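S.K.: Let me give you the structure first, and then I'll get to my questions.
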Ligand SMILES: *Cc1c(COP(=O)(O)O)cnc(C)c1O
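Numbering (my numbering), first residue to last: 22 to 408.
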């Protein structure tokens, strides 16, 4: 049986280090904000080149904290992609702001900069003719952009950063899947005004529970983030200067992450090997589209996702692979604007690329410990079916 993500091979490799790190935490007993938290934040800052890192309780809370630090609230329009995990848009709605969905690029699956520009103009002019806008009763004001580095590939920051600057919009990079990726050597999570990531076990850098981090070069924003993380504290713990959260990362999880960081670069390299092998063997299968990574970009390969020619051939291929003991997943079967939770936005058929991809996309097993023989078995099964 082939696993979709195999954490066991990694566990054996890091077991001694993890156990040593955890024992240290058990011995010092500082389970909340222990010394491992500061050590981890420094390592993450070094890794990404960000000036400040605030670790936190999850990738979702990282996004929530980022929006809170930017004072996002009712009346604010926050632009993002509908082809992502619910968390990206959920935090916008939680704060009473309105998500403005922007379709994706058909090749990268990331937000389309041309559509983003149109969406900003549409909100400015309050015109659904320029871009599909959600149903809203009160006027909306462009307030922020959240890009997602889907499947580990950074979004097109070469175009998106200047676009946000020109419109005076802060940019949040949802790097939950892209920690370890980069563009021309600049690391994922360091783009825009604020970057966020997730340490959920299945992400490229995962802990043994929930965790996340927020990255920024802005000193003032960072101060707000560290305050929001602990109930809006001021200088003293019981001096509350704003409404915040309990959103700390556990010391235990920081200890696990420190052990995992030691081998992380090696794992990112291993993911490149796996992805290249897949692409090499599958690129000529006529009925499939393999992922494209443009020059200068490095994907963290959280997922290796392909497109079939239509929905029914995807179902047939998935069933065939399942029979052969090869697990596949669909990220994402339903874009967010079509989710029940967002029915009130009345955007049912508004973003054709996201809608089309959700019908044809599927992901194959991806982790750094996937052996060449297993990759060959998977590719052979796909080729036999689709060839
Ligand atoms: C996983 C994920 C999140 C949420 O991270 P959690 O740690 O599970 O809260 C947010 N955005 C994207 C794109 C994700 O893949």
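Using N, Cα and C, we set each Cβ at its ideal position, and we do this for glycine too. Here the structure is a predicted model, which is why all the values come from computation and not from measurement.
On a CA-only basis, which of 56, 251 and 137 is nearest residue 262? Give me that one, please.
M.R.: Looking up residue 262 in the chain shown gives position 241. Closest option to residue 262, Cα to Cα, is 251.
S.K.: Counting only the same chain and skipping the five closest in sequence on each side, list residues whose C-beta sits under 8 Å from that of residue 278.
M.R.: In the chain shown, counting from the first residue as 1, residue 278 sits at position 257. Around residue 278: 61, 220, 226, 228 and 232.
S.K.: Which residue wins for smallest C-alpha separation from residue 173, given the options 64, 68 and 323?
M.R.: As a first step, residue 173 is located in the chain shown; it is residue number 152 there, counting from the start. Closest by alpha carbon: 323.
S.K.: Please check the pair residue 165 and residue 193, which I expect to be a contact at CB under 8 Å, by giving their CB distance rounded to whole angstroms.
M.R.: Within the chain shown, the letter at position 144 stands for residue 165. Within the chain shown, the letter at position 172 stands for residue 193. Sure, about 6 Å apart at Cβ, within 8 Å.
S.K.: So is residue 408 buried or exposed if we call it buried at 16+ other beta carbons inside 10 Å?
M.R.: Against the chain shown, residue 408 aligns to sequence position 387. Note on residue 408: pLDDT 48, under 50, position unreliable in the model; the coordinate value appears next. So residue 408 ends up on the exposed side.
S.K.: Alpha carbon to alpha carbon, what distance is there between residue 102 and residue 168?
M.R.: To locate residue 168, count along the chain shown from 1; it is residue 147. To locate residue 102, count along the chain shown from 1; it is residue 81. Approximately 7 Å between the Cα atoms of the pair.
S.K.: Roughly how many whole angstroms lie between the Cα atoms of residue 107 and residue 356?
M.R.: Here the question's residue 107 lines up with position 86 in the chain shown. Here the question's residue 356 lines up with position 335 in the chain shown. So the two alpha carbons sit approximately 9 Å from each other.
S.K.: Taking residue 54 and residue 237 to be in contact with their CB atoms under 8 Å, please state how far apart those CB atoms are, rounded to whole angstroms.
M.R.: Stepping through the chain shown from its first residue, residue 54 is reached at position 33. Stepping through the chain shown from its first residue, residue 237 is reached at position 216. Approximately 19 Å separates the beta-carbon atoms of residue 54 and residue 237; this is outside 8 Å, ruling out the contact.
S.K.: Tell me which residue opens and which closes the beta strand (DSSP E) that residue 237 is part of.
M.R.: What you label residue 237 is simply residue 216 of the chain shown in a count that begins at 1. It spans 233–237 - the beta strand (DSSP E) in which residue 237 sits, taken as one unbroken run.
S.K.: Measure the C-alpha to C-alpha separation of residue 199 and residue 105 and round it to an integer number of angstroms.
M.R.: By 1-based counting over the chain shown, the position of residue 199 is 178. By 1-based counting over the chain shown, the position of residue 105 is 84. Those two C-alpha atoms are separated by around 13 Å.
S.K.: Out of curiosity, what's the CA-to-CA distance linking residue 31 and residue 288?
M.R.: The residue labelled residue 31 in the question sits at position 10 within the chain shown. The residue labelled residue 288 in the question sits at position 267 within the chain shown. Rounded to whole angstroms, the separation of the alpha carbons of residue 288 and residue 31 is 9 Å.
S.K.: Roughly how many angstroms lie between the CA atoms of residue 344 and residue 68, to the nearest whole one?
M.R.: In the chain shown, residue 344 corresponds to position 323, counting from 1. In the chain shown, residue 68 corresponds to position 47, counting from 1. One Cα belongs to residue 344, the other to residue 68, and the distance between them is close to 41 Å.
S.K.: Which whole-angstrom value describes the C-beta separation of residue 400 and residue 299, a residue pair presumed to lie in contact below a C-beta threshold of 8 Å?
M.R.: Translated into the one-based positions of the chain shown, residue 400 becomes position 379. Translated into the one-based positions of the chain shown, residue 299 becomes position 278. With 8 Å as the limit, residue 400 and residue 299 qualify as a contact, their Cβ atoms being about 7 Å apart.
S.K.: Would you check whether ligand 1 has a heavy atom nearer than 7 Å to the C-beta of residue 165?
M.R.: Counted from its first residue, the chain shown places residue 165 at position 144. It does not: the Cβ of residue 165 is nowhere closer than 7 Å to a heavy atom of ligand 1.
S.K.: Which runs of the beta strand (DSSP E) spanning at least 3 residues fall entirely within the segment 370–404, listed in chain order?
M.R.: 382–385
S.K.: Closer than 7 Å by C-beta to residue 186: which residues in its own chain qualify, once you throw out the five before and the five after it? Chain order, please.
M.R.: On the chain shown, position 165 is the one that residue 186 refers to. Excluding residues within five positions, none has a Cβ falling inside 7 Å.
S.K.: Return the chain-ordered list of same chain residues with a C-beta closer than 6 Å to the C-beta of residue 124, the five sequence neighbours on each side being excluded.
M.R.: Locating residue 124 in the chain shown gives position 103, counting from the first residue. Listed in chain order, the non-local C-beta contacts of residue 124 below 6 Å within the same chain comprise 133, 136, 372, 374 and 375, local neighbours out to five positions each way being set aside.
S.K.: Taking only runs that begin and end inside the segment 305–350, name each unbroken beta strand (DSSP E) of 3 or more residues, in chain order.
M.R.: Whole beta strand (DSSP E) segments, 3+ residues: 325–328.
S.K.: Excluding five sequence neighbours on each side, which residues of the same chain lie with their C-beta closer than 6 Å to the C-beta of residue 282?
M.R.: The residue you call residue 282 lines up with position 261 of the chain shown. Within its own chain, the residues whose Cβ lies closer than 6 Å to the Cβ of residue 282, once the five positions on either side in sequence are excluded, are 64, listed in chain order.
S.K.: Give the DSSP-derived three-state secondary structure of residue 39 in the structure shown.
M.R.: For the purposes of this step, residue 39 is identified with residue 18 of the chain shown, where counting begins at 1. In the structure shown, residue 39 sits in a helix (DSSP, three-state: H, G or I).
S.K.: Span of the alpha helix (DSSP H) holding residue 115?
M.R.: As a first step, residue 115 is located in the chain shown; it is residue number 94 there, counting from the start. Residues 108–115.
S.K.: Could you tell me if the beta carbon of residue 277 falls within a distance shorter than 7 Å of some heavy atom in ligand 1?
M.R.: Stepping through the chain shown from its first residue, residue 277 is reached at position 256. No.
S.K.: Measure the alpha-carbon distance for residue 120 versus residue 161 and round it to whole angstroms.
M.R.: Mapped onto the chain shown, residue 120 falls at position 99. Mapped onto the chain shown, residue 161 falls at position 140. About 10 Å.
S.K.: When the Cα atoms are used, what is the spatial distance from residue 7 to residue 406?
M.R.: Given that the chain is displayed from residue 22 to residue 408, the structure contains no residue 7 and the question cannot be resolved.
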